[in-house]
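Asks: The following block contains the structure, expressed as structure tokens.
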Amino acid sequence: MRLLLPCLLLMLGGCAQVQPWERGYLSHDVMAWDVDPMKARLDRHIYASKEGSSGGGQAAGGGCGCN
Amino acid sequence: MNKTLSTLAALSSAAAAMPAQAAAVPTDTVSSYRYSQYREADAPASRVYAGDIERYSIDVHQLHHARPLAEQWYVSGDVQYETLSGASPWKTYQNTDDQSVLIMSGASGEGITDTRIDINSQAKRYFDEGTLGGQVGVSHENDYQSLALGGDGSLELFDKHTTLTLAFSTSFDRLSPTDAEQYGGGRSRADGRSKRTTSTYHGISQVLDARRVISAGIGYTHHSGFLSDPYKLDDRRPGERDQFTLDGQYRHHFDVFAGAAAHLDYRLYQDDWGINSHTLSVRWSQAFQWGQWRYQVTPLLRYYRQTAANFYNLEELPPADDYASSDARLSSFGAITAGLHQRLSWQQWSVSLDYQTYQSDEQLTLISTTEDEAPGLVDFSIFSLGLEYRH
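Same order as they appear, the protein sequences are chains A and B.
For the first sequence, my numbering gives the first residue as 2, with consecutive numbering after it.
For the second sequence, my numbering gives the first residue as 6, with consecutive numbering after it.
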């Protein structure tokens with residue numbers, strides 16, 4: 002039942018109780034949100050500089066007059 | 006002179022570095038270095054009315070160091086140094102044959118060179134049920150200074166199945182374009198002006214089961230100040246901009262060789278300049294293991310499309326009393342990125358190699374394509390080599 006609220010928030014079904022010792026897969030390197038954080042940071046800079054939109058996944062940080 | 010990549014866009018990215026599992030205080034000290042080559046394809050010579058066709062070439066050096074401090078703290082510092090050379094579009098306009106032509110920088114005979122240094126540091130305090138963090142960063146160029154501050158927090162709920170995150174950042178930027186007196190125009194108007202950005206992000210991540218995790222978030226960013234591009238001709242943009250994002254990420258683990266995961270990321274973007282965009286990224290991250298050697302390979306496909314800003318204008322002489330810009334980044338276009346990331350690890354060492362190629366085109370919007378050509382759109386590639394040591 003404790004999982005009901007977040008599942009509803011996400012409008013998703015199928016949430017399961019996952020014990021701490023069952024979370025090995027979730028902590029694998031292949032499951033990281035960013036495959037390589039340092040490179041991902043550079044990629045975000047580049048896309049924000051070369052496209053008309055930016056943001057998502059985090060607060061924006063500093064401005065840029067990139068062209 | 007013209008800006009290199011960007012400043013401090015990753016101030017609140019610490020959470021993104023973590024595996025999909027809930028946060029625990031990291032115990033490793035990490036030192037890493039990365040060298041990247043960013044290369045833009047030449048501008049189409051047949052459409053360059055004046056200036057150089059050879060566009061930006063940027064070399065980027067990144068240093069990162071992170072370590073635990075006391076039992077509950079984790080601190081990190083980053084330095085990024087960039088050197089840039091090449092040309093960028095000053096203006097695009099439609100000639101009498103209805104062809105869009107470019108005036109590139111370098112028309113005065115001077116090439117562009119610039120350097121940028123970006124330093125930022127983060128500290129995070131870990132609690133039983135979440136984290137609190139703070140960041141500060143500065144960026145310095147000859148013609149652009151930026152100071153950014155940020156804070157973030159996370160809260161774990163429901164036996165750590167759910168994580169709520171909240172991040173905030175603000176930045177103070179000052180412009181001082183080179184040769185402002187000589188060129189006048191936008192450079193002169195921008196000289197000494199400032200920009201202010203405030204941003205907030207709210208996110209939630211949810212463990213679905215032992216192999217699947219999902220996250221979603223909403224972001225809002227407000228810009229104010231001098232938002233025009235001082236180096237472009239006839240570039241007059243509003244002094245305010247509000248940006249909204251909705252994003253989602255999904256990770257699904259599979260038992261293939263030493264482990265694999267499907268990654269699906271999506272972002273919906275909208276702002277009050279009239280730009281709407283969709284970004285979809287798909288990856289397959291595959292690991293192999295031979296004794297102490299671990300090899301991870303991750304191909305990437307990314308698709309991006311956006312609509313044009315309301316004031317995007319290709320007139321040769323747009324009305325001087327109205328907003329206008331011929332910046333291709335404000336045009337209607339689409340782009341495809343293909344990439345491959347490889348990482349080889351042995352004991353505490355790892356080396357990574359990454360290549361991406363980016364192709365953009367006004368016809369890649371796929372739906373509601375435009376008749377306006379945008380020869381200022383850029384194609385580029387990034388080659389990147391990284392080295393990391395953990396202990």
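Even glycine gets a Cβ: it sits at the ideal position worked out from N, Cα and C.
All values derive from a computational prediction rather than experimental measurement.
Could you give the distance in angstroms between the alpha-carbon of Tyr54 of chain B and the alpha-carbon of Gly53 of chain A?
Replies: If I take the Cα positions, the gap works out to 24 angstroms.
Asks: Return the chain-ordered ranges of every beta strand (DSSP E) run that is complete within the region 65-128 of chain B and spans a minimum of 3 residues.
Replies: Restricting attention to beta strand (DSSP E) runs no shorter than 3 residues, the region 65-128 of chain B encloses them at 78-91, 94-99 and 105-109, ordered along the chain.
Asks: Using DSSP's beta-bridge definition, name the partner residues of Leu371 of chain B.
Replies: As computed with DSSP, Leu371 of chain B is found in no beta bridge at all.
Asks: Put Trp278 of chain B into one of helix, strand or coil per three-state DSSP.
Replies: coil
Asks: With a 10 Å radius around its C-beta and 16 neighbouring C-beta atoms as the bar for buried, classify Gln254 of chain B as buried or exposed.
Replies: buried
Asks: Hey, out of B:Thr203, B:Arg217, B:Arg216 and B:Ala221, whose CA is closest to Ile209 of chain B's CA?
Replies: For Ile209 of chain B, the nearest C-alpha among the options comes from B:Ala221.
Asks: Could you tell me the distance, in whole angstroms, from the CA atom of Thr136 of chain B to the CA atom of Leu160 of chain B?
Replies: Cα to Cα, the separation comes out at about 7 angstroms.
Asks: Roughly how many whole angstroms lie between the Cα atoms of Val302 of chain B and Trp22 of chain A?
Replies: 27 angstroms
Asks: If we require 3 or more residues per run, which beta strand (DSSP E) segments fall completely within the region 168-214 of chain B?
Replies: List check, beta strand (DSSP E) in window: 199-214.
Asks: Are Leu107 of chain B and Pro323 of chain B close, meaning C-beta to C-beta below 7 angstroms?
Replies: no
Asks: Contact criterion: CB-CB distance below 7 angstroms. Does Arg179 of chain B meet it with respect to chain A?
Replies: no
Asks: Is it the case that the Cβ atoms of Gly155 of chain B and Ala60 of chain A are separated by a distance below 7 angstroms?
Replies: A contact, by the Cβ cut-off of 7 angstroms.
Asks: Ser41 of chain B versus chain A: which residues are under 7 angstroms apart at the beta carbon?
Replies: Leu43
Asks: From what residue to what residue does the alpha helix (DSSP H) around Ile47 of chain A run?
Replies: Its alpha helix (DSSP H) spans residues Pro38 to Lys51.
Asks: Rounded to a whole number of angstroms, what is the C-alpha to C-alpha distance between Gln311 of chain B and Thr168 of chain B?
Replies: The straight-line gap from Cα to Cα measures roughly 31 angstroms.
Asks: Is Val383 of chain B close to chain A, meaning its C-beta is less than 7 angstroms from at least one C-beta of that chain?
Replies: Yes, Val383 of chain B lies at the interface with chain A (some Cβ there is under 7 angstroms from its Cβ).
Asks: Name the chain A residues whose beta carbon is nearer than 7 angstroms to that of Phe173 of chain B?
Replies: Ala60
Asks: Can you tell me which of the three DSSP states Asp327 of chain B falls into?
Replies: Asp327 of chain B sits in coil when the DSSP states are folded into three classes, being neither helix nor strand.
Asks: If we call anything under 7 angstroms between Cβ atoms a contact, is His258 of chain B one with Arg246 of chain B?
Replies: Not in contact: His258 of chain B and Arg246 of chain B (Cβ atoms no closer than 7 angstroms).
Asks: If you draw a straight line from the alpha carbon of Ser365 of chain B to that of Ser41 of chain B, how long is it in whole angstroms?
Replies: Roughly 21 angstroms separates the two Cα atoms.
Asks: Determine, using beta carbons only, whether Asp214 of chain B comes closer than 7 angstroms to chain A.
Replies: yes
Asks: Give the range of the beta strand (DSSP E) segment to which Ala55 of chain B is assigned.
Replies: Val53 to Ala55
Asks: Please name the residue in B:Asp332, B:Ile122 and B:Lys237 whose C-alpha comes closest to that of Val84 of chain B.
Replies: Checking every option, the nearest Cα to that of Val84 of chain B belongs to B:Ile122.
Asks: Under 9 angstroms between beta-carbons, which chain A residues line up against Gly224 of chain B? List them in chain order, please.
Replies: Gly56, Gly57, Gly58, Gln59, Ala60 and Ala61
Asks: State the Cα-Cα distance for the pair Leu394 of chain B and Asp359 of chain B, rounded to the nearest angstrom.
Replies: With the sequence shown as reference, residue 394 of chain B is identified as Tyr, and Leu is not the correct amino acid for it. Answer to the nearest angstrom: the Cα atoms are 18 angstroms apart.
Asks: Excluding the 5 residues flanking Pro31 of chain B on each side, which residues of the same chain have their C-beta closer than 7 angstroms to its C-beta?
Replies: Pro73 and Tyr79
Asks: Please identify the residue among B:Ser93, B:His283, B:Asp57 and B:Glu321 whose C-alpha is closest to the C-alpha of Thr101 of chain B.
Replies: B:Glu321
Asks: Between the Cα of Pro109 of chain B and those of B:Asp47, B:Lys96, B:Asp103 and B:Thr120, spot the shortest distance and give me the residue it belongs to.
Replies: Reading off the sequence, residue 109 of chain B comes out as Met, not Pro. Among B:Asp47, B:Lys96, B:Asp103 and B:Thr120, the Cα nearest to that of Met109 of chain B is on B:Lys96.
Asks: Give the interface partners of Leu335 of chain B over in chain A, defined as CB-CB distance under 9 angstroms, in chain order.
Replies: Gly53
Asks: I'd like to know if Ile124 of chain B contacts chain A, where contact means its C-beta is closer than 7 angstroms to some C-beta of that chain.
Replies: For Ile124 of chain B, not one C-beta of chain A is nearer than 7 angstroms to its own C-beta.
Asks: Checking 7 angstroms against the spacing of the C-beta atoms, do Leu152 of chain B and Phe173 of chain B come in under that value?
Replies: no
Asks: Out of B:Trp278, B:Ser330 and B:Tyr300, which one is the CA nearest neighbour of Ser408 of chain B?
Replies: Because chain B is modelled from 6 through 396, residue 408 of chain B falls outside the range shown and cannot be assessed.
Asks: Quick one: does Gly155 of chain B have its CB under 7 angstroms from some CB of chain A?
Replies: yes
Asks: So with Cβ pairs under 7 angstroms, would you call Leu10 of chain B a contact of chain A?
Replies: Per-residue confidence for Leu10 of chain B stands at a pLDDT of 37, beneath the threshold of 50, marking its modelled position as unreliable; the derived number appears in the next sentence. By this cut-off, Leu10 of chain B is an interface position.
Asks: Taking 7 angstroms as the threshold (C-beta atoms), are Leu305 of chain B and Gly344 of chain B in contact?
Replies: In contact: Gly344 of chain B and Leu305 of chain B (Cβ atoms closer than 7 angstroms).
Asks: What does Arg256 of chain B reach in chain A if we use C-beta pairs closer than 7 angstroms?
Replies: Met32
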